[in-house]
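In this text, residue positions in the sequence shown follow the numbering used here: the first is 222, and each later residue adds one. Think of the CB as a built atom: it goes at the ideal place given N, C-alpha and C, for glycine as much as any other residue. Working notes, beginning with the structure itself.
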Amino acid sequence: MRALRRDVTILGGRFPVVAVGLAATTLVLTILGANVGAVQDLGLMPPSLVWQGQVWRLLTWSLFEFQPLSLVFVCLAFVFFGRELAYTWGPVGFLKICAGIVLGSGALTCLIARFVWGRLYDFPYWSAWALGTALIIAYATLFPSRTILVYFILPLSGRRLLIVTVAGTLLFALMTSVAFFVPHFLAQGLMYAYLRGYSPRLLWLRLKARTVRWSPSRRPSHLRPVDRDDEPPRWLH
Numbered sequence: 222m223r224a225l226r227r228d229v230t231i232l233g234g235r236f237p238v239v240a241v242g243l244a245a246t247t248l249v250l251t252i253l254g255a256n257v258g259a260v261q262d263l264g265l266m267p268p269s270l271v272w273q274g275q276v277w278r279l280l281t282w283s284l285f286e287f288q289p290l291s292l293v294f295v296c297l298a299f300v301f302f303g304r305e306l307a308y309t310w311g312p313v314g315f316l317k318i319c320a321g322i323v324l325g326s327g328a329l330t331c332l333i334a335r336f337v338w339g340r341l342y343d344f345p346y347w348s349a350w351a352l353g354t355a356l357i358i359a360y361a362t363l364f365p366s367r368t369i370l371v372y373f374i375l376p377l378s379g380r381r382l383l384i385v386t387v388a389g390t391l392l393f394a395l396m397t398s399v400a401f402f403v404p405h406f407l408a409q410g411l412m413y414a415y416l417r418g419y420s421p422r423l424l425w426l427r428l429k430a431r432t433v434r435w436s437p438s439r440r441p442s443h444l445r446p447v448d449r450d451d452e453p454p455r456w457l458h
């Protein structure tokens, strides 16, 4: 735990070790996967293999980015956006949220592949940008007044950065393969829902609260009015 709270210095700037570790893990595994077939075969996420019990793929699929330029930019996104988010959520919270987004989007993709869109069932999913765009959405939502240069050219902040991230994902999906970008949209949606307070626990509590509010209108069969002669019965016991 103490090691996770440490910072490392890169080019004169200080970054949390969890953000740097995420970028370094993605970089190393991608290079290994590109040169060692066994690493790639074990790390990618075809939903068919997940349904056969290879559940570790729900986490490993997001640690690969086989396009060189995309790999550079996603590692930069992990480091720079991850720095602010790790300081905001704490190192453990940052790792938990990242793991939850990856696992959640991967699991939903497998459910869609099994029950909705059969074309996805044998699709070998991989992409670190699913988590990368989710972190960008988190940054844009939590720090709406901060401006960044997208690709070092276009200055964007807050809501505009969020819109450009989603629109850019949609554009890439339409130009390449919508099936490949299913986890990206799911990861972005899960992150936005989490930031807006729509966590599974909160949804359960809201449902439970509604049930409690509705319950007085349905008188339980084991309760009866207290016998009182001076006024209509108003009490139950």
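Rounded C-alpha distance that separates LEU290 from ARG335: 33 Å
Could you give the first and the last residue of the continuous alpha helix (DSSP H) run that contains VAL337? From DSSP, VAL337 is part of no alpha helix (DSSP H); its letter is neither H nor E.
By DSSP's criteria, SER378 is part of a beta bridge. Which residues make up the other side? THR368
THR390 to ALA298 span [Cα, whole Å]: 15 Å
In its own chain, which residues sit with a C-beta less than 7 Å from the C-beta of ALA394, not counting the 5 before and 5 after it? PHE402
Measuring straight from C-alpha to C-alpha, what distance separates GLY327 and ARG235? 32 Å
Where does the unbroken beta strand (DSSP E) through LEU237 begin, and where does it stop? According to the sequence displayed, residue 237 carries Pro and not Leu. PRO237 -> beta strand (DSSP E) spans 234 to 237.
Classify VAL323 as buried or exposed, calling it buried when 16 or more other Cβ atoms lie within 10 Å of its own Cβ. buried
Whole angstroms are fine: how far does the CA of PRO267 sit from the CA of TYR308? 34 Å
Taking the alpha-carbon positions, what's the ALA400 to TYR419 distance? 26 Å
In chain order, what residues of the same chain lie with their CB nearer than 7 Å to the CB of LEU370, ignoring the 5 residues before and after it? Excluding positions up to five away in sequence, the list reads PRO376.
Buried or exposed (CB count within 10 angstroms, at least 16 for buried), MET396: exposed
With DSSP collapsed to three states, give me the class of VAL257. coil
Going by beta carbon distance, what residues of the same chain come within less than 8 Å of VAL260, once the five residues before and after it are set aside? Correct list, in chain order: LEU250, LEU253, GLY254.
Tell me the DSSP bridge mates of ILE231? GLY234
Residues near LEU382 in its chain [Cβ-Cβ closer than 8 Å; skip 5 each side]: Excluding positions up to five away in sequence, the list reads ILE357, TYR360, ALA361, ILE369, VAL371.
GLY410 versus GLY233 - alpha carbon distance: 35 Å
Contacts around THR330, its chain only, beta-carbon distance under 8 Å, and the 5 residues preceding and following it disregarded: Closer than 8 Å at the Cβ level, and outside the excluded window around THR330, lie MET266, PRO268, LEU341, TYR346, VAL403, PRO404, LEU407.
Between LEU225 and VAL313, how many whole angstroms is the CB-CB distance? I'm expecting something under 8 Å. With 8 Å as the limit, LEU225 and VAL313 qualify as a contact, their Cβ atoms being about 6 Å apart.
Using CA coordinates, which residue listed in LEU363, THR386, LEU392 is at the minimum distance from ARG304? LEU363
Please go through the same chain and pick out, in chain order, the residues whose beta-carbon is closer than 8 Å to the beta-carbon of PHE285, but skip the five residues on each side of it. THR247, LEU250, THR251, GLY254, GLN261, GLY264, LEU265, TRP347, SER348, ALA349
Identify the residues that DSSP records as bridge partners of VAL346: which are they? According to the sequence as given, residue 346 is Tyr; it is not Val. Paired residues: MET266.
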